[in-house]
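Colleague:
Numbering (my numbering), first residue to last: 3 to 219.
1) Suppose contacts are defined by Cβ-Cβ distances below 8 Å. Is residue 137 in contact with residue 79 by that definition?
2) Leaving out five residues before and five after residue 166 in sequence, what residues of the same chain have Cβ atoms less than 6 Å from its Cβ?
3) For residue 171, collect the residues of the same chain with a Cβ closer than 6 Å to its Cβ; drop the 5 residues on either side in sequence, then sort them by chain order.
4) What's the gap between the Cα of residue 200 and the Cα of residue 76?
5) CA-CA distance, residue 194 and residue 58?
6) For a minimum of 3 consecutive residues, which ranges assigned as the beta strand (DSSP E) are wholly contained in the stretch 183-214?
7) If you follow the alpha helix (DSSP H) that residue 169 is in, where does it begin and where does it stop?
8) Could you pull the start and end residues of the alpha helix (DSSP H) that residue 150 belongs to?
9) Considering only the alpha carbon of each residue, which of 197, 108, 133 and 45 lies closest to residue 66?
10) Could you say which of 132, 190, 217 and 54 lies nearest to residue 210 if we only look at CA atoms?
11) Pick from 92, 103, 135 and 105: whose alpha carbon is nearest that of residue 122?
12) Can you name the residues that DSSP bridges to residue 113?
13) With a CB to CB cut of under 7 Å and the five nearest residues on each side skipped, what residues in its chain are close to residue 43?
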């Protein structure tokens, strides 16, 4: 029951992150475009109210153009949401946003090397979830002074690695009933047809490495 409760909280957190990403895309790309439409519509209304009918020849096309730009911005957001399971920003930018957010919450040094991997939606989602789980564990539980994350590609594989210099642990002694983060990362890698390896030793830090296919299996 405790494990299910913790899992439910994590799912809620992930849904909250997703809502924030969508809200950010709508605010940055769509809301400003719609506001521009509103301004042009007000100009046209004032033209009609003041009887400036000749001015409408210039102002109405500008209104229509602003409306087209707003529609295009909304379609781009929708297209991005359909293309990537982690939202309009995609895996790379979403990871960067996560890293910047975490940097504001911790004194641990957090280094990042995020490259463009152009992966399928299922692998993008699995990579993000695994990275978030590994980063959370490293920052909150490992007692680390430095954590590094890298996202790279090699032909048809993307690789995401999270390393820390914390206290480490013995993998075989992890209580899966109470600490199911390792099992959760393994399951997410497996569902994406990838692999997960964890290298950790007491006093020697931990390295989590996920290798996932860039294309749909």
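Where a beta carbon is used, it is the ideal one built from N, C-alpha and C, also for glycine.
Modeller: Considering the structure as presented:
1) Here residue 137 is taken as the residue at index 135 of the chain shown, counted from 1. Here residue 79 is taken as the residue at index 77 of the chain shown, counted from 1. The beta carbons of residue 137 and residue 79 sit no closer together than 8 Å.
2) Indexing the chain shown from 1 puts residue 166 at position 164. Shown here for residue 166: same chain residues with a beta carbon closer than 6 Å to its own, the five before and five after excluded, namely 140, 144, 146, 149, 207 and 208 in chain order.
3) Taking the first residue of the chain shown as position 1, residue 171 is located at position 169. Here the set comprises 202.
4) Counting from 1 along the chain shown, the entry for residue 200 is found at position 198. Counting from 1 along the chain shown, the entry for residue 76 is found at position 74. So the alpha carbons of these two residues sit roughly 41 Å apart.
5) In the chain shown, the residue the question calls residue 194 occupies position 192. In the chain shown, the residue the question calls residue 58 occupies position 56. Taking the straight line joining both Cα atoms gives about 56 Å.
6) Inside the stretch 183-214, DSSP marks whole beta strand (DSSP E) runs of 3 or more residues at positions 197-202, from first to last along the chain.
7) Locating residue 169 in the chain shown gives position 167, counting from the first residue. First-last for residue 169: undefined, no H or E at that position.
8) Here residue 150 corresponds to residue number 148 of the chain shown, with the count starting at 1. Looking at the DSSP string, residue 150 is not in any alpha helix (DSSP H); the run it does join, the beta strand (DSSP E), is 148-156.
9) The count along the chain shown starts at 1 and reaches residue 66 at position 64. Closest option to residue 66, Cα to Cα, is 45.
10) Within the chain shown, the letter at position 208 stands for residue 210. Comparing alpha-carbon positions, the option among 132, 190, 217 and 54 lying closest to residue 210 turns out to be 132.
11) One-based indexing of the chain shown puts residue 122 at position 120. Out of 92, 103, 135 and 105, 92 has the C-alpha closest to the C-alpha of residue 122.
12) Numbered from its first residue, the chain shown carries residue 113 at position 111. In the DSSP output, where bridge partners are listed per residue, residue 113 has 150.
13) Counted from its first residue, the chain shown places residue 43 at position 41. Excluding sequence neighbours, residue 43 sits near 65.
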